[in-house]
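Reviewing the structure listed below.
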Amino acid sequence: MQQQDADQQAMQQQQQEQQAAVAQAEQQEQQQQAAQATGGPRRGGTLQHSWFEDPQGGFDPHIGITGGDALGYWVHIYDRLLGFDDQARVIPMLASAIEIPDDVTYLFTMREGAIFQDGAPVDANAVQLNMERIRDVKDLAGGTRNRGGIQYADFFEATDDATWKLVNGEPFGPTLAFFQQFPGTGLLISPEHFDTAVTNPVGAGHLKHVVHEPGERWVGERWDGYWDNDNVHLDGFVQNIIPDQNTAWNAFLNGDIDIDAPTGGVNSDLQAELEADGMKVIRGTAQTWTQTWFNLNPNAPTGDLPFNAFRDPRMRHAYNRALDRQAINEVAWEGLGAPSRAPVSVESWALAKDANYYPGHDLQVAHELMDAAGYGDGIEGIHLSYIAEFQTVVTEPVNSQMRNAGMEMEYIKGTEAEIIPRLLATQDWTIGTLSWESPFDPDPVLRPSFEGLQNWMYGSPEGGPRTGRASTADYPNDQVLANLNATEQLVWDAAVPASQDDRVPLYEKVWEAEEEHMWFPYIAQWPANWVAQPHVENFEIIPFFGFPKGMSFKGIWFNNV
Numbered sequence: 151m152q153q154q155d156a157d158q159q160a161m162q163q164q165q166q167e168q169q170a171a172v173a174q175a176e177q178q179e180q181q182q183q184a185a186q187a188t189g190g191p192r193r194g195g196t197l198q199h200s201w202f203e204d205p206q207g208g209f210d211p212h213i214g215i216t217g218g219d220a221l222g223y224w225v226h227i228y229d230r231l232l233g234f235d236d237q238a239r240v241i242p243m244l245a246s247a248i249e250i251p252d253d254v255t256y257l258f259t260m261r262e263g264a265i266f267q268d269g270a271p272v273d274a275n276a277v278q279l280n281m282e283r284i285r286d287v288k289d290l291a292g293g294t295r296n297r298g299g300i301q302y303a304d305f306f307e308a309t310d311d312a313t314w315k316l317v318n319g320e321p322f323g324p325t326l327a328f329f330q331q332f333p334g335t336g337l338l339i340s341p342e343h344f345d346t347a348v349t350n351p352v353g354a355g356h357l358k359h360v361v362h363e364p365g366e367r368w369v370g371e372r373w374d375g376y377w378d379n380d381n382v383h384l385d386g387f388v389q390n391i392i393p394d395q396n397t398a399w400n401a402f403l404n405g406d407i408d409i410d411a412p413t414g415g416v417n418s419d420l421q422a423e424l425e426a427d428g429m430k431v432i433r434g435t436a437q438t439w440t441q442t443w444f445n446l447n448p449n450a451p452t453g454d455l456p457f458n459a460f461r462d463p464r465m466r467h468a469y470n471r472a473l474d475r476q477a478i479n480e481v482a483w484e485g486l487g488a489p490s491r492a493p494v495s496v497e498s499w500a501l502a503k504d505a506n507y508y509p510g511h512d513l514q515v516a517h518e519l520m521d522a523a524g525y526g527d528g529i530e531g532i533h534l535s536y537i538a539e540f541q542t543v544v545t546e547p548v549n550s551q552m553r554n555a556g557m558e559m560e561y562i563k564g565t566e567a568e569i570i571p572r573l574l575a576t577q578d579w580t581i582g583t584l585s586w587e588s589p590f591d592p593d594p595v596l597r598p599s600f601e602g603l604q605n606w607m608y609g610s611p612e613g614g615p616r617t618g619r620a621s622t623a624d625y626p627n628d629q630v631l632a633n634l635n636a637t638e639q640l641v642w643d644a645a646v647p648a649s650q651d652d653r654v655p656l657y658e659k660v661w662e663a664e665e666e667h668m669w670f671p672y673i674a675q676w677p678a679n680w681v682a683q684p685h686v687e688n689f690e691i692i693p694f695f696g697f698p699k700g701m702s703f704k705g706i707w708f709n710n711v
């Protein structure tokens, strides 16, 4: 690590946190004054929102895989077993209480009177049927992303109508995090509607599915049977599907959208301008980041385009040295985001505030490393990225910085549905810069990341991607695979203790291994910037998550109805 880089970035982060805290305090004071002036929450109104794409996997949260589907749609239709407070601690939702009598047993007490939108009870029997389905189905990528909460279960059962019991085969500290997150294990579908959930979802959330018009909008309406309707004030929600962020922002400025976020974020000048017009602005750090994937398949083509050049650790370190994370942050978001410091959120409880495990930008060192790896004249390859503009504002400058270092990568953009299968095949690409998110615990991202690298290591097995894990027994001379396996074991070790405090020093070993191997260097954490029309009240940000409270619906009310 370079201590000077770490100190500078820590100071910048501290300044950003202080500015955000002051702005947040002023925002909350203004909202409280507005609520007092308007007499408190009012009932009525339909919130117009925008989203960048249709649900890529439909409305079934057990087989879907994208955060976009979850945040844009599922969180409104389905409630989770467990929620989170402003510090990401577990709070009840459909489970009214959680008890952990020993380090492998979890007892979920179900909320009395909670029902699904078809009138069926949300009881322990419904949980059991949901968990059996999650256990047995594959997600749309052929994986098990949504199985995390039960992945180490010896057994689970409904002990009676009110209590669902989960017993792990070994201690696994992040268990409850999977029941909080989305995608995740805790989103419950009414069992009678498992087979039709992709197109006709029935959950126990605050909005009932009305209609989905592909490419146009999704409409949900307030459901009178919702268990927490005291905190639901609006009558409806329209998710307007607008792929171009500038178009969406212009729709907001024209008054057609109630809540939106501008391209590039909200700097101080824009915030002052918007607030002068009566708009409401919230800012923070999002729990989404852009990270790197390398093609580590030794069987990938190695001709004119050496797709697997980054199997050499010197090339991975050269790539990291080519990155100027703060410059990317400035170009993408005018400095409102945060340079990554380890393969985890910059705000994670598992990462010390002053720690930085990514040595800083140094083109000379990058060139020396490339020369030592046999690529002193540079390399060509293919760089995969998602196509949405809020993704490309990061990945385009990454591509430019690689070119500056002699890594001439053809920049190929596509939807998640187009890019993910190509990524999994580990054939005709060199590097990918894609987003991921996990506000609750490091494990739900780290574990599948290391599993994925080993599942894809030798390309697509006969049964397709993810059907065969590369084994050190089968490939005893593959040092890359051996090092991956050893780092993955550190991730497993860090997941054992139930206490977060006990896990912190174990994660330090994971970060040190990333510093040594550069398996998937994180690039930058996204900023969170949201703006609401003057009539929107109770508009606040989730501090650790960077998304509006109530997922832009629950708790919000209009002062003009």
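Position one of the sequence shown corresponds to residue 151 (our numbering), numbered consecutively onward.
Where is the CB? At the ideal position from N, CA and C, for every residue including glycine.
Nonlocal neighbours in the same chain, by C-beta distance under 6 Å from residue i, ignoring five residues either side
{"i": "residue 482", "result": "543 and 544"}
{"i": "residue 309", "result": "315"}
{"i": "residue 795", "result": "The chain is shown from 151 up to 711; residue 795 falls before or after that span and cannot be answered."}
{"i": "residue 166", "result": "With a pLDDT of 46 at residue 166, under the threshold of 50, the predicted position of this residue should be treated as unreliable, and no value is reported."}
When the options are compared against residue i, the one with the closest alpha-carbon
{"i": "residue 446", "options": "632, 300 and 409", "result": "632"}
{"i": "residue 503", "options": "491, 513, 645 and 510", "result": "491"}
{"i": "residue 662", "options": "506, 563 and 558", "result": "506"}
{"i": "residue 665", "options": "637, 684 and 409", "result": "637"}
{"i": "residue 529", "options": "496, 546, 541 and 581", "result": "581"}
{"i": "residue 524", "options": "221, 587, 463 and 234", "result": "463"}
{"i": "residue 695", "options": "189, 704 and 587", "result": "587"}
{"i": "residue 298", "options": "356, 624, 359 and 215", "result": "215"}
{"i": "residue 405", "options": "688, 649, 701 and 199", "result": "199"}
{"i": "residue 484", "options": "676, 672, 387 and 511", "result": "676"}
{"i": "residue 353", "options": "418, 376 and 361", "result": "376"}
{"i": "residue 366", "options": "394, 461, 497 and 346", "result": "394"}
{"i": "residue 594", "options": "257, 558 and 332", "result": "332"}
{"i": "residue 703", "options": "287, 565 and 382", "result": "382"}
Close Cβ partners of residue i (< 8 Å) along its chain, the five nearest in sequence each way excluded
{"i": "residue 259", "result": "245, 246, 247, 248, 249, 312 and 313"}
{"i": "residue 319", "result": "254, 302, 303 and 304"}
{"i": "residue 385", "result": "193, 194, 195, 196, 371 and 372"}
{"i": "residue 236", "result": "692, 693 and 694"}
DSSP state of residue i mapped onto helix, strand, coil
{"i": "residue 261", "result": "coil"}
{"i": "residue 173", "result": "With a pLDDT of only 48 at residue 173, under 50, the local geometry of the prediction cannot be trusted, and no value is derived from it."}
{"i": "residue 551", "result": "helix"}
{"i": "residue 192", "result": "coil"}
{"i": "residue 216", "result": "coil"}
{"i": "residue 697", "result": "coil"}
{"i": "residue 267", "result": "coil"}
{"i": "residue 158", "result": "Below a pLDDT of 50, predicted positions are generally treated as unreliable, and residue 158, at 48, falls in that range; no measurement from the model is reported."}
{"i": "residue 518", "result": "helix"}
{"i": "residue 467", "result": "helix"}
{"i": "residue 357", "result": "strand"}
{"i": "residue 706", "result": "coil"}
{"i": "residue 659", "result": "helix"}
{"i": "residue 686", "result": "strand"}
{"i": "residue 318", "result": "strand"}
{"i": "residue 364", "result": "coil"}
{"i": "residue 679", "result": "strand"}
{"i": "residue 429", "result": "coil"}
{"i": "residue 371", "result": "strand"}
{"i": "residue 645", "result": "coil"}
{"i": "residue 151", "result": "Its pLDDT being 47, under 50, residue 151 is placed unreliably by the model, and the measurement read from it follows with that caveat. Residue 151 falls in the coil class under three-state DSSP."}
{"i": "residue 672", "result": "strand"}
{"i": "residue 570", "result": "helix"}
7 Å CB neighbourhood of residue i in its chain, flanking five on each side removed
{"i": "residue 342", "result": "268 and 270"}
{"i": "residue 599", "result": "670"}
{"i": "residue 620", "result": "604, 607, 608 and 631"}
{"i": "residue 715", "result": "Beyond the ends of the chain as shown, which are 151 and 711, falls residue 715; an answer cannot be given."}
{"i": "residue 570", "result": "291"}
{"i": "residue 266", "result": "272, 340, 352, 353 and 354"}
Presumed contact (8 Å Cβ cut-off) between residue i and residue j, rounded CB distance
{"i": "residue 327", "j": "residue 591", "result": "4 Å"}
{"i": "residue 533", "j": "residue 549", "result": "6 Å"}
{"i": "residue 355", "j": "residue 226", "result": "6 Å"}
{"i": "residue 224", "j": "residue 234", "result": "Actually they do not touch by this definition, with Cβ atoms about 16 Å apart."}
{"i": "residue 264", "j": "residue 277", "result": "Their Cβ separation, rounded to whole angstroms, is 11 Å, which puts residue 264 and residue 277 out of contact at 8 Å."}
{"i": "residue 531", "j": "residue 444", "result": "That belief does not hold up - the Cβ atoms of residue 531 and residue 444 are roughly 10 Å apart, past 8 Å."}
{"i": "residue 466", "j": "residue 668", "result": "4 Å"}
Inter-stretch contact (C-beta, 8 Å, three-pair minimum) for the region 508 to 520 and the region 461 to 474: yes
contact_flag[the region 406 to 426, the region 675 to 690] where n(CB pairs < 8 Å) is 3 or more: yes
Cβ contact (3+ pairs, closer than 8 Å) linking the region 277 to 288 and the region 363 to 381: no
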